[in-house]
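**Q** Quick one: the structure is below, questions incoming.
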Amino acid sequence: MTKKLFITSFFLLLFIPRNSYSQEIWGLFVAPQIGVRYPSGESYDKYKVGFSLGGSLQYATSAFPFFLKTEFLYAYFPQNKVVDNAYHQKSIYGLSLGAEYLFYPVFASEAIFVPFISFDIRYNFIERIKTEYSSQLRTSSSFDQKFGFSIGAGVSVFLVDVIAKYYYLTYEPYVGFDFRLRLPVYISL
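Here my numbering is used: the first residue of the sequence shown is -5, the next is one more, and so on.
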C-alpha cells in the first residue's frame, strides 16, 4: 500500500508541476478611455478640436505578444465658427475590431514601459446637426455611415496606456490622443 502511494505521489510530483508551468496564461480586460480629437483634411477648417469617450473589451494570451480587441468610441466635433447664421456639429459613433502588438518592455528606474502599435478596422455612424439662427431656431440632422481604419502607437505603464492614432474616414480623417485604463476582468493562470 505504501509502495503504491509512493509511486503515485512520485508521478504526480513529476508530471503535474511541469504540466502546469507549460499552460498558457490568458485574460480578459475592460479598458475605458478618454481623449481629444484633432480634425484633419477637409474637416480641419470647419471643426474645432473635439473630445472622445469610449471603451474596449480585450483578450490576451501568453502564447502571442498581442491583444485582440473590440472597441466602441464616441467622438464629438463642434464647429469652428458660425457661418451664415448656422452652426454645424458632428458626432461619430465608431465600432471596431483590431489588434495591438506589444514590443519588448523598456525598463526605467521605477516603471516598466511597454510600447505597442495598434490597427483597427472601423464601422462609423456619423450624425451631422445643423442649427440655423433666423427669426426662429431650426435644427436639422443628417446621418451617414462609413467604413475606415485606424493605426497608431502608444506606451503602456502598468494599467495606464497613452495612445496616438490616425483615424481614416473618406473626407473626414482625424488624429486622436487617448488615455486608457486597462483593467483585468478575468485572468487564467
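The beta-carbon is built from N, C-alpha and C at its ideal position, and this holds for glycine as well. In this text the structure is predicted, and so the values were computed from the model without any measurement.
On a CA-only basis, which of Gly48, Ser129, Val30, Pro33 is nearest Arg176? Give me that one, please.
**A** Cα-wise, what sits closest to Arg176 is Gly48.
**Q** Using a beta-carbon distance below 8 Å, is Thr64 in contact with chain B?
**A** As a matter of chain content, chain B is missing from the structure shown, which is built from one protein chain.
**Q** Sorted by chain position, which residues of the same chain lie with C-beta nearer than 8 Å to Val154's C-beta, five sequence neighbours on each side aside?
**A** Around Val154: Phe173, Arg174, Leu175, Arg176.
**Q** List the DSSP bridge partners of Arg132.
**A** According to DSSP, Arg132 bridges with Glu126.
**Q** Roughly how far, in whole angstroms, is the beta-carbon of Phe23 from the beta-carbon of Pro178, given that I think they are within contact range, below 8 Å?
**A** Indeed, because the Cβ distance is near 6 Å, the residues count as touching under 8 Å.
**Q** Is the segment 143 to 153 touching the segment 118 to 126 in the sense that three or more CB pairs, one from each, lie closer than 8 Å?
**A** The segment 118 to 126 is not in contact with the segment 143 to 153.
**Q** Under 8 Å, do Phe194 and Gly29 count as touching if we go by C-beta distance?
**A** In this structure the chain extends from -5 to 183, so residue 194 is not present and cannot be described.
**Q** Got a sec, what are the start and stop residues for the beta strand (DSSP E) Glu94 sits in?
**A** Glu94 -> beta strand (DSSP E) spans 80 to 96.
**Q** Go ahead and label Ile181 buried or exposed: buried means 16 or more other beta carbons lie within 10 angstroms of its beta carbon, across all protein chains shown.
**A** That one is exposed.
**Q** According to the neighbour-count rule (16 or more other Cβ atoms, all chains shown, within 10 Å of its Cβ), is Arg116 buried or exposed?
**A** Classification of Arg116: buried, given that the 10 Å Cβ count is 16 or more.
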